[in-house]
Amino acid sequence: FTVVIKESCDGMGDVSEKHGSGPPVPEKAVRFSFTVMNISVPNKNGSVRIFEEAKPNSELCCKPLCLMLADESDHETLTAILSPLIAEREAMKSSELMLEIGGILRSFK
1 FTVVIKESCD
11 GMGDVSEKHG
21 SGPPVPEKAV
31 RFSFTVMNIS
41 VPNKNGSVRI
51 FEEAKPNSEL
61 CCKPLCLMLA
71 DESDHETLTA
81 ILSPLIAERE
91 AMKSSELMLE
101 IGGILRSFK
C-alpha cells in the first residue's frame, strides 16, 4: 500500500501573554504538523484509493507533531528542534510494518 503524507511548518504569529509576570519567552510560535492525504492499495488495474482526506487544509485533520515557541525566521532554533523529527521520518521510510491479517502475519515495507 501507499500512504501520502503532507508535512507543514507554519508560523502561528504572536502568542505572547498580555498579562502576568512569567519568564520572558519568544512572542511567536511555530507548528510542525502532518496530514494523511490518501492511502491506496495496488491492484491489477492500477491502484484503489481506500482513504482520501476530504479537507486537507483543515486544522481538524492536521496532526501537530511539535509546537514550539520560536520565531519562524530563526532557522538555527528550528533546525535544532526539528532535527529529531526529521531523523525519525527518514527512519520510517525504511521501516517495516507488520500486520496480522486473517491470522497470518504480513510484512509491508
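If you're matching positions, the sequence shown starts at 1 in full-length UniProt numbering and goes up one per residue.
Glycine included, each C-beta is placed from N, C-alpha and C at the ideal position.
Residue of the options minimising C-alpha distance to residue i
i   : options             : result
I50 : T77, V36, E100, M12 : V36
G11 : S95, M68, L60, K63  : M68
L97 : S107, G103, R89     : S107
E27 : K55, A70, A54       : A70
I39 : R31, V30, A54       : A54
S58 : L85, H75, S33, T77  : S33
Neighbourhood of residue i by C-beta, 7 Å cutoff - its chain only, sequence neighbours within 5 removed
i   : result
V41 : F1, S47, V48, I50
Coil, strand or helix - residue i by DSSP
i   : result
L67 : strand
K60 : Checking the sequence shown, residue 60 turns out to be Leu, not Lys. Reduced to three states, the DSSP call for L60 is coil.
K55 : coil
S83 : helix
First through last residue of the alpha helix (DSSP H) which encompasses residue i
i   : result
A29 : Taken as a continuous stretch (DSSP letters only), A29 belongs to no alpha helix (DSSP H), being part of the beta strand (DSSP E) at 28–43.
Residue-chain proximity (residue i, chain D), Cβ-Cβ < 8 Å
i   : result
N43 : No chain D appears in the structure shown, which is made up of a single protein chain.
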